Amino acid sequence: MTRTYQRRPRRWPAFGAVAVVLGLIVGVLIASGAFDKAIKELTLPLQHEDIIRQQSKEKGVDAALIAAVIYAESKFNDAESSAGARGLMQITPDAAKFIEKQSGGTTFKLDDLSNPEINIRYGTFLLKELLERYGGDEAAALAAYNAGPGNADKWGGSGLSVEDIPFPETRAYVEEVLAKQREYRREYAHELGYK
């Protein structure tokens, strides 16, 4: 007894054509640099670079450090934390009132922290104050930015080693910001005003 089988239509040529077209599209994107740029924007976003450069220049704080703090605090998304910290650099209302007094700012309103220009100005002012307090020691200033100056002082203040930070979250924060600072300086040298 002979069995006859019905032949199914072949779908492989259609899949092959789709694969070739997708391969060509990816190839064009890679060749044009658009693919690399898209990946960079996803993994290391940068926005408000004009404000970052301006605040860096005005306050003498490294632009890549400002960008790295924004990345660690909010990934460049306007946000509000459960602790009430707001905006790109996650400024608390109490810190904003202190900064406003110290910096001679205008009358502070809570909604101001959602304004990127004000938030970056206040956050950079705070970074500048902490860097001055700790003699330019970025690790100590970042520990204070994250966990408060009282804790950073207890852990050794200026000359603080990242390994000396007993809070795992703060230790990871300082390590992340310092690593991202190097990446921002390398990947966005032109945008941040290094070139």
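According to the numbering used here, the residues represented by the sequence shown are 1 to 195, in order. Backbone N, C-alpha and C define an ideal beta-carbon position, used for all residues, glycine too. Model, not experiment: these values are computed from the prediction.
Would DSSP call residue i helix, strand or coil?
{"i": "I91", "result": "strand"}
{"i": "E176", "result": "helix"}
{"i": "E204", "result": "Here the chain has residues from 1 to 195 only, and residue 204 is not among them."}
{"i": "E80", "result": "strand"}
What's the gap between the Cα of residue i and the Cα of residue j?
{"i": "S56", "j": "P116", "result": "15 Å"}
{"i": "Y194", "j": "L65", "result": "13 Å"}
{"i": "A139", "j": "L126", "result": "14 Å"}
{"i": "E169", "j": "S74", "result": "15 Å"}
{"i": "N77", "j": "N119", "result": "12 Å"}
{"i": "K97", "j": "S82", "result": "19 Å"}
{"i": "A19", "j": "H190", "result": "37 Å"}
{"i": "A72", "j": "Q181", "result": "10 Å"}
{"i": "E41", "j": "K109", "result": "32 Å"}
{"i": "I99", "j": "R186", "result": "31 Å"}
{"i": "E49", "j": "R171", "result": "27 Å"}
{"i": "A147", "j": "T124", "result": "17 Å"}
Flag this pair as yes or no: are the beta carbons of residue i and residue j separated by less than 9 Å?
{"i": "L113", "j": "V61", "result": "no"}
{"i": "L46", "j": "L192", "result": "yes"}
{"i": "G87", "j": "A95", "result": "no"}
{"i": "A152", "j": "Y173", "result": "no"}
{"i": "V69", "j": "L160", "result": "no"}
{"i": "A67", "j": "Y188", "result": "yes"}
{"i": "R53", "j": "A63", "result": "yes"}
{"i": "D137", "j": "G157", "result": "yes"}
{"i": "P93", "j": "G84", "result": "yes"}
Throw me the rounded Cβ distance for the residue i and residue j pair, which I believe falls under 8 Å.
{"i": "I91", "j": "Y122", "result": "5 Å"}
{"i": "L22", "j": "E183", "result": "At roughly 30 Å, the Cβ-Cβ gap does not stay under 8 Å, so L22 and E183 are not in contact."}
{"i": "V162", "j": "E175", "result": "6 Å"}
{"i": "K128", "j": "K59", "result": "4 Å"}
Every unbroken alpha helix (DSSP H) within the stretch 104–150, with a cutoff of 4 residues, ordered by chain: Counting only runs of 4+ residues, the alpha helix (DSSP H) found wholly inside the stretch 104–150 occupies 116–133, 138–147, in chain order.
Going along the chain, which unbroken runs of the alpha helix (DSSP H) with 4 or more residues stay wholly within the stretch 43–77? 49–59, 63–74
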